[in-house]
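Undergrad: Dropping a structure here in structure tokens format, bear with me for questions.
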Amino acid sequence: MSYLETTAKFYSDVAEDPMVGLCCVQSTPLQLPGLNVPTLMQEMNYGCGTTVHPSELSGDPTVLYVGVGGGIEALQFSYFSRRPQAIIAVDPVDSMRVAAQRNLAIAAAENDWFDTSFVDIREGDAFNLPLPDNSVDVMAQNCLFNIFEPNDLARALKEAYRVIKPGGRLVMSDPIATRPIPLHLQQDERLRALCLSGALTYNEYIQALIDTGFGQVEIRARRPYRLLGKETYKLNQPLLLESLDSVAFKVPIPPDGACVFTGKTAVYAGNEDYLDDRAGHIMQPGIPLAVCDKTATNLASRFPNDIVLTPSTWFYDGGGCC
Ligand SMILES: C[S@@+](CC[C@H](N)C(=O)[O-])C[C@H]1O[C@@H](n2cnc3c(N)ncnc32)[C@H](O)[C@@H]1O
Numbered sequence: 001m002s003y004l005e006t007t008a009k010f011y012s013d014v015a016e017d018p019m020v021g022l023c024c025v026q027s028t029p030l031q032l033p034g035l036n037v038p039t040l041m042q043e044m045n046y047g048c049g050t051t052v053h054p055s056e057l058s059g060d061p062t063v064l065y066v067g068v069g070g071g072i073e074a075l076q077f078s079y080f081s082r083r084p085q086a087i088i089a090v091d092p093v094d095s096m097r098v099a100a101q102r103n104l105a106i107a108a109a110e111n112d113w114f115d116t117s118f119v120d121i122r123e124g125d126a127f128n129l130p131l132p133d134n135s136v137d138v139m140a141q142n143c144l145f146n147i148f149e150p151n152d153l154a155r156a157l158k159e160a161y162r163v164i165k166p167g168g169r170l171v172m173s174d175p176i177a178t179r180p181i182p183l184h185l186q187q188d189e190r191l192r193a194l195c196l197s198g199a200l201t202y203n204e205y206i207q208a209l210i211d212t213g214f215g216q217v218e219i220r221a222r223r224p225y226r227l228l229g230k231e232t233y234k235l236n237q238p239l240l241l242e243s244l245d246s247v248a249f250k251v252p253i254p255p256d257g258a259c260v261f262t263g264k265t266a267v268y269a270g271n272e273d274y275l276d277d278r279a280g281h282i283m284q285p286g287i288p289l290a291v292c293d294k295t296a297t298n299l300a301s302r303f304p305n306d307i308v309l310t311p312s313t314w315f316y317d318g319g320g321c322c
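Residue 279 in the UniProt record's numbering sits at position 279 of the sequence shown, and the numbers go up by one each step.
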């Protein structure tokens with residue numbers, strides 16, 4: 001069996017026999033007025049963060065959700081796009097699609113506003129999406145791409161890029177590793193399927209997005225996810241995994257490099273009325289300007305005495321410029 005087959009088998013098993021707490025994080029599930037998540041669907045919450053960010057769901061987007069799981073995020077996305085087939089959910093595992101369909105039917109009985117026609121569940125996988133080029137506004141995946149080995153991750157990202165419309169976005173949540181994961185764990189197929197041993201480091205993860213062609217990346221959250229202990233995982237030191245929520249935009253990469261927003265701001269600390277860096281940033285004294293990491297680095301080296309940079313908050317959802 002290849003690790004992808006091991007993964008499919010694992011998710012087939014947990015579709016039939018839910019594994020509570022498989023991937024969950026220490027944060028409250030998205031609560032919305034009038035949204036009732038059925039218990040069975042909640043028990044099959046196999047995500048490691050969230051990909052449902054209300055601020056980017058205006059304009060009635062068509063959403064492609066890859067790796068449907070128990071359907072919890074498909075339901076949450078539907079909340080914002082209440083029309084037939086607004087959400088297309090893809091999964092290669094037969095029993096997972098059956099479980100998601102069943103859970104969505106329960107959700108329809110428990111939520112007046114929801115109809116199962118809002119979610120179109122299709123057979124397909126991340127490497128071969130059953131959709132034409134440039135056809136969706138938003139593609140989301142939660143806790144799936146971290147399972148893929150680097151070459152397969154590149155293939156999945158390329159396929160995502162293909163189906164997303166120009167200007168559209170790829171919303172992801174995945175574990176990342178605070179240092180490279182040793183080979184003996186990477187090669188453990190079950191741990192990979194459990195989202196515990198395939199994670200890249202933060203820099204590798206962001207670089208994979210940029211290598212695919214995404215010109216702008218925004219970090220929505222970064223928080224502790226799991227600690228791999230020394231004894232259990234045969235490590236010299238415990239290894240912390242974090243959960244990273246990000247949004248990557250299908251926009252051209254600027255000539256001086258992609259813009260990655262991690263919540264940094266630049267503040268002009270000089271005595272003039274304003275500082276104009278002649279690269280599109282005009283800063284008034286004392287007023288923080290949201291900047292991408294590239295601009296932060298440039299400003300710090302050009303104006304070391306006049307600019308104060310605030311550290312990454314690991315939350316950014318608009319404003320400022322890169
Ligand atoms: C960790 S679960 C996440 C489920 C869901 N995203 C959630 O947040 O609850 C991974 C999901 O991806 C599906 N999957 C496994 N291999 C896949 C592939 N090659 N392409 C697409 N989905 C896949 C599994 O069946 C499962 O539904």
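By construction, the Cβ of each residue, glycine as well, lies at the ideal position given by its N, Cα and C atoms.
(1) Who does residue 334 pair with in a DSSP beta bridge?
(2) Find out if the Cβ-Cβ distance for the pair N315, I176 is shorter than 8 Å.
(3) So is the beta-carbon of M96 under 7 Å away from any non-hydrogen atom of ligand 1?
(4) What are the boundary residues of the beta strand (DSSP E) that includes T265?
(5) Taking DSSP's pairing of strands, which residues face M283 in a bridge?
(6) May I have the straight-line CA-CA distance separating T50 from N203, to the nearest angstrom?
(7) With a CB to CB cut of under 8 Å and the five nearest residues on each side skipped, what residues in its chain are close to R190?
(8) Should L144 be counted as a contact of ligand 1 given a C-beta to heavy atom distance under 7 Å?
(9) Give the C-beta separation of G215 and A258 to the nearest angstrom, bearing in mind that I take them to be a contact with Cβ-Cβ under 8 Å.
(10) So, using beta-carbon positions, are P61 and V171 closer together than 8 Å?
(11) Does the Cβ of C23 lie closer than 7 Å to at least one heavy atom of ligand 1?
(12) With DSSP collapsed to three states, give me the class of D293.
(13) Output yes or no for whether 8 Å exceeds the beta carbon distance between Y161 and K250.
(14) For ligand 1, is there any heavy atom lying closer than 7 Å to the beta carbon of D125?
TA: Working from what's here:
(1) Missing from the structure shown is residue 334; the chain here goes from 1 to 322 and no further.
(2) Just to set this straight, residue 315 is Phe in the shown sequence, not Asn. Cβ atoms of F315 and I176: not closer than 8 Å.
(3) yes
(4) 265-268
(5) L275
(6) 20 Å
(7) T6, F10
(8) yes
(9) 5 Å
(10) no
(11) yes
(12) helix
(13) yes
(14) yes
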